[in-house]
Amino acid sequence: MLKPAVVIDSGSRFTRGGFAGQEQPQCVLRTVLVPSWHHRPAPESPGGWAAAPRSYPLKEKAAEVLFEGLGVPALHVANSGFLSLCAHGRVTGLAVEAGAAVCHVTPVCQGRTLRKGARRLGVAGDHLSRYLHRLLRESPAGPRAPQALTERVLTQLKERYCYVSLDYEGDLRDEGSRQPAGFQTPDGRWITLGEERFCCPEPLFRPQLLQHSCPGLQQLAGQSLRALPEPLRRHVLGNIVLAGGSSMFPGFPERMCLELNSLFQGDGVHVEVLANPKRGTAAWAGGSMAASLTSFRHSWMTKDEYQEHGAQYVHTKFQ
7 MLKPAVVIDS GSRFTRGGFA GQEQPQCVLR TVLVPSWHHR PAPESPGGWA
57 AAPRSYPLKE KAAEVLFEGL GVPALHVANS GFLSLCAHGR VTGLAVEAGA
107 AVCHVTPVCQ GRTLRKGARR LGVAGDHLSR YLHRLLRESP AGPRAPQALT
157 ERVLTQLKER YCYVSLDYEG DLRDEGSRQP AGFQTPDGRW ITLGEERFCC
207 PEPLFRPQLL QHSCPGLQQL AGQSLRALPE PLRRHVLGNI VLAGGSSMFP
257 GFPERMCLEL NSLFQGDGVH VEVLANPKRG TAAWAGGSMA ASLTSFRHSW
307 MTKDEYQEHG AQYVHTKFQ
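Under our numbering, read the sequence shown as residues 7 to 325, first letter to last.
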C-alpha cells in the first residue's frame with residue numbers, strides 16, 4: 007500500500023503542510039529563509055510534494071533538497087492557481103489569488119496554466135497592514151502611543167474589522183454610513199477604527215493609493231480574461247475562483263464580481279465569482295485533493311528520473 011503524499015504550500019507568509027486526502031493542513035508555520043539546511047528528516051517521512059515555487063530556480067533547488075536531502079521517492083510541483091481551482095472542483099477557470107506579499111491572476115485550461123494571460127500585482131496583505139498603520143497614525147482617533155500598533159495588533163485589526171466597500175468614494179463622502187469599531191490592545195490601550203475599516207483593503211483595487219501606477223486586481227483579471235480566445239473566455243467567465251488570505255475581507259467577492267461585470271457589461275455576458283469560506287488555504291486543499299487521485303500518479307517526477315536527467319528536468323516535467 008502506497009503511503010500518502012506530503013503536501014506543502016509554501017506561501018509568502020505561511021507554509022502549510024499535511025497529507026494528501028486531508029481537508030486541512032496539519033502544520034502551519036511562518037515562512038522563513040535559512041542560510042542552509044540543518045535538519046535531518048524523520049526516518050518514516052512519506053514522500054511527495056505539491057507546492058507553488060515562485061521562480062524556476064526554486065523548482066530545481068526544491069528537487070535537489072527533496073531527492074538528495076530527504077530521500078523522497080517522487081515529487082510534483084504545481085501552480086498554486088491551478089491548485090486553487092482544484093479546491094473548487096475545477097480544472098478550467100481563472101484563479102485570483104491575493105496573498106501576503108503578492109497577488110496573482112492565473113488562467114487555467116484543462117489543468118494547463120496559460121502563461122500568456124497570467125498577471126501579477128505587487129500590492130498584497132503586507133502592504134495593506136503598513137497602509138493601515140499609516141492611516142491610524144494620521145487619524146485623530148488613532149492611538150496616542152504609536153508603539154501600540156505592533157504587527158500582531160495590525161493583523162488582528164485588519165482581519166477582524168476591515169472590509170471591502172462596494173462604493174468606496176460614496177462611503178468616503180457619507181460619514182453616516184460608517185460603523186466605528188473599537189479594539190483594545192494587549193497593553194490596555196483602545197484603538198477606534200472609522201473609515202480605516204474600508205480604506206485599508208482598497209489599494210487592492212486602487213494601487214495608486216500606495217503610489218503604485220499599476221492596474222488594480224480587478225483590471226488585471228480583466229486583462230487576463232481578454233487575453234483568452236473567445237470560446238474559452240466565455241467558459242472561464244463563469245469559473246472565476248478567489249483564493250488567498252487577503253481575499254478573505256468581507257465584501258471582497260462582491261466587489262470583484264461587481265467590478266468584473268462592469269468591465270464586461272458590453273459583451274453580453276455575466277461574470278460569476280466563486281468564493282469558498284475556506285479559500286485562505288485553497289492552494290493547499292487543492293494540492294491535497296490532486297495528490298490523492300490515482301490518475302494523478304503519472305504526473306509525478308520520480309527519483310529515477312531525477313538521477314537520470316538532473317534537477318533541471320523539473321522544467322520539462324512541470325511546464
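The C-beta atom is built at its ideal place from N, Cα and C for all residues, glycine as well.
None of these values were measured; they are calculated from a predicted model.
Limits of the beta strand (DSSP E) - the one that residue i falls within
i      : result
Phe258 : Per DSSP, Phe258 belongs to no beta strand (DSSP E); it is in the alpha helix (DSSP H), 258-269.
Cys168 : Here Cys168 belongs to no beta strand (DSSP E), and DSSP marks it neither H nor E.
Val34  : 33-36
Thr21  : 20-25
Ala104 : 99-104
Gly222 : Taken as a continuous stretch (DSSP letters only), Gly222 belongs to no beta strand (DSSP E), as it is neither H nor E.
Gln190 : 187-190
Helix, strand or coil at residue i according to DSSP, with G and I counted as helix
i      : result
Ala249 : strand
His94  : coil
Val129 : coil
Glu311 : helix
Glu236 : helix
Asp180 : coil
Asp15  : strand
Val114 : strand
Thr161 : helix
Thr198 : strand
Thr156 : coil
Val83  : coil
Leu120 : coil
Leu280 : strand
Short Cβ contact (9 Å threshold) for residue i with residue j
i      : j      : result
Val111 : Gly87  : yes
His4   : Lys65  : Because the chain here runs from 7 to 325, residue 4 falls outside it and cannot be looked at.
Ala104 : Gly128 : no
Ile246 : Gly99  : yes
Leu120 : Cys206 : no
Pro259 : Val279 : yes
Arg212 : Gly200 : no
Val170 : Leu210 : yes
Ala297 : Pro31  : no
Ala26  : Gly293 : yes
Pro152 : Arg143 : yes
C-alpha gap between residue i and residue j, whole angstroms
i      : j      : result
Arg232 : Arg239 : 7 Å
Arg348 : Gly23  : Nothing can be reported for residue 348: it is not among the residues displayed for the chain, which extend from 7 to 325.
Ala281 : Ala249 : 8 Å
Gln225 : Leu215 : 15 Å
Glu50  : Tyr312 : With a pLDDT of only 44 at Glu50, under the threshold of 50, the placement of this residue in the model should not be trusted; the figure read from the coordinates follows. Answer to the nearest angstrom: the Cα atoms are 21 Å apart.
Phe302 : Met295 : 10 Å
Tyr167 : Thr191 : 14 Å
Phe324 : Gln318 : 10 Å
Tyr174 : Arg203 : 11 Å
Leu257 : Arg19  : It is worth fixing the name first, because residue 257 is Gly in this sequence and not Leu. Distance between the alpha carbons of Gly257 and Arg19 is about 23 Å.
Cys220 : Ser230 : 14 Å
Val78  : Trp290 : 19 Å
Leu172 : Arg140 : 23 Å
Gln162 : Asp310 : 47 Å
Val102 : Leu234 : 15 Å
Arg179 : Pro186 : 15 Å
Leu89  : Thr287 : 10 Å
Gly244 : Pro146 : 44 Å
Lys164 : Met254 : 10 Å
Ile14  : Asp177 : 41 Å
Leu134 : Glu29  : 29 Å
Arg136 : Thr300 : 45 Å
Ser61  : Arg125 : Here Ser61 scores only 45 on pLDDT, less than 50, and its place in the model should not be relied on; the value that follows carries that caveat. Answer to the nearest angstrom: the Cα atoms are 14 Å apart.
Close Cβ partners of residue i (< 7 Å) along its chain, the five nearest in sequence each way excluded
i      : result
Gly228 : Leu266, Leu269
Pro52  : Note that Pro52 scores a pLDDT of 41, beneath 50, so its modelled location is shaky; the value from the coordinates is reported in the next line. Result list for Pro52: Lys9, Pro10, Ala11, Val12, in chain order.
N- and C-terminal bounds of the alpha helix (DSSP H) containing residue i
i      : result
Thr322 : 319-323
Ala68  : 62-70
Trp290 : 288-297
Trp204 : The displayed chain sequence assigns Phe, not Trp, to residue 204. Taken as a continuous stretch (DSSP letters only), the alpha helix (DSSP H) holding Phe204 covers 202-205.
Neighbourhood of residue i by C-beta, 8 Å cutoff - its chain only, sequence neighbours within 5 removed
i      : result
Pro59  : Low confidence applies to Pro59: its pLDDT is 39, below 50, so where it sits in the model is not reliable enough to give any reading.
Trp306 : Gly54, Ala80, Leu81, His82
Thr37  : Ser16, Gly17, Ser18, Arg19, Phe20, Thr21
Leu264 : Leu172
Spatial neighbours of residue i in its chain, beta-carbon cut-off 6 Å, leaving aside the 5 residues before and after
i      : result
Ala154 : Thr191, Arg195
Pro63  : none
Pro283 : none
Thr308 : Ala80
Val97  : Gln116, Gly117
Leu35  : Thr21
Ala93  : Ala288, Ala291, Gly292
9 Å Cβ cutoff, residue i in contact with chain C
i      : result
Tyr319 : The structure shown contains no chain C; it is built from a single protein chain.
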